[in-house]
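A.B. asks:
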Amino acid sequence: MRNATEQLTPATEATPSRKPARRRTGAVAALLATTLAGGLMAFAPVASAAPGAADSVSARPGDRLSDREADRILDRAGVRRVSPGDCHNVNRSRCTSYQGIQEDTVRGLVKLKRDSRCQVVVVNGTEVGNDRDRRSRYSHAGGHKVDLRENRCLVNHIRRTADRVRGTHDVVYRDNERGRPYVQYELERRVLDVTYF
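Under our numbering, the letters of the sequence shown match residues 1 to 197, in that order.
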């Protein structure tokens, strides 16, 4: 694990056999580099080549990513998305958008894909129309929740690695980290409602 004050280098430097990619800036580059390296380590921001670059974000918890930033990271990790409207517009309910998704949610999805080795397909993201209570802090609109296409591999992984929460009407599993809920899975009809805290 790297020290939080160290800087990460782009993944192309770690694997000389790959063609050098264009230089990415900010924490997105660091998150992408750790994703490509197969890890989800803590990181500090990489110095930006151009201040105010379009894909530059800070590395503080609670940071939100653009649709393009999140898609690039998730796609490289093997996490796919589907949309009934074949679009990514956050303002259309028939689209599947990552616009404004929390960086921790993206990290969690990458970790779920890596640890489970299952197909992970996002069917609902941050687009309008997913939240019953839009005032909730941990909502789709807030970037903390996504719906995944249910599959047997994912359900079995969740049942093996998370604790079932008793006393709820739904089938709910929680995975705790350092004594706090880290992620919650609700098994609904044909989708997994996933919340990252």
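Glycine included, every Cβ here is placed at the ideal spot set by N, Cα and C.
Just confirm the distance between the C-beta atoms of Asp175 and Ala162, as a whole number of angstroms; I'd bet it's less than 8 Å.
C.D. replies: Yes, Asp175 and Ala162 are in contact; Cβ-Cβ is about 4 Å, under 8 Å.
A.B. asks: Can the beta-carbon of Val122 be found closer than 7 Å to that of Val194?
C.D. replies: Going by C-beta atoms, Val122 is not nearer than 7 Å to Val194.
A.B. asks: Do His88 and Asp75 have their CB atoms nearer than 7 Å?
C.D. replies: Not in contact: His88 and Asp75 (Cβ atoms no closer than 7 Å).
A.B. asks: Check whether the Cβ atoms of Thr96 and His144 sit closer than 7 Å, and answer yes or no.
C.D. replies: No, they are not a contact pair.
A.B. asks: Which of helix, strand or coil does DSSP assign to Asn91?
C.D. replies: Of the three classes helix, strand and coil, the one that applies to Asn91 here is coil, per DSSP.
A.B. asks: Return the Cβ separation of Val90 and Gln99 in integer angstroms, given the expectation that the two are a contact with Cβ distance under 8 Å.
C.D. replies: Going by Cβ atoms, the distance from Val90 to Gln99 rounds to 4 Å, so yes, they are a contact pair.
A.B. asks: Whole angstroms is fine: what's the gap from Leu154's alpha carbon to Ser136's?
C.D. replies: Near 26 Å, if we compare the C-alpha coordinates of Ser136 and Leu154.
A.B. asks: Rounded to the nearest angstrom, what separates Gly125 and Arg178 at their Cα positions?
C.D. replies: In a straight line, the C-alpha of Gly125 is about 27 Å away from that of Arg178.
A.B. asks: Ends of the beta strand (DSSP E) at Asn151?
C.D. replies: Looking at the DSSP string, Asn151 is not in any beta strand (DSSP E), and its letter there is neither H nor E.
A.B. asks: In the structure shown, what three-state DSSP assignment does Asp163 receive?
C.D. replies: Strand at Asp163.
A.B. asks: Which two residues bound the contiguous beta strand (DSSP E) that contains Met180?
C.D. replies: The identity of residue 180 in the sequence shown is Arg, whereas the question assumes Met. First-last of the beta strand (DSSP E) with Arg180: 180-187.
A.B. asks: Helix, strand or coil: how does DSSP classify Thr105 here?
C.D. replies: Residue state, collapsed to three classes: helix.
A.B. asks: For Val57, does the count of other Cβ atoms within 10 angstroms reach 16, so buried, or fall short, so exposed?
C.D. replies: Note on Val57: pLDDT 36, under 50, position unreliable in the model; the coordinate value appears next. It is buried - the Cβ of Val57 has at least 16 other Cβ atoms within 10 Å.
A.B. asks: Using the C-alpha atoms, what's the distance from Arg164 back to His157?
C.D. replies: Roughly 13 Å between the two C-alpha positions.
A.B. asks: Below 8 Å on the Cβ atoms is my contact criterion, and I expect Gly62 with Gln102 to pass it. Report the Cβ-Cβ distance as a whole number of Å.
C.D. replies: Contact holds; Cβ gap of about 7 Å.
A.B. asks: Considering only DSSP beta bridges, list what Val120 is partnered with.
C.D. replies: Per DSSP, none; premise fails for Val120.
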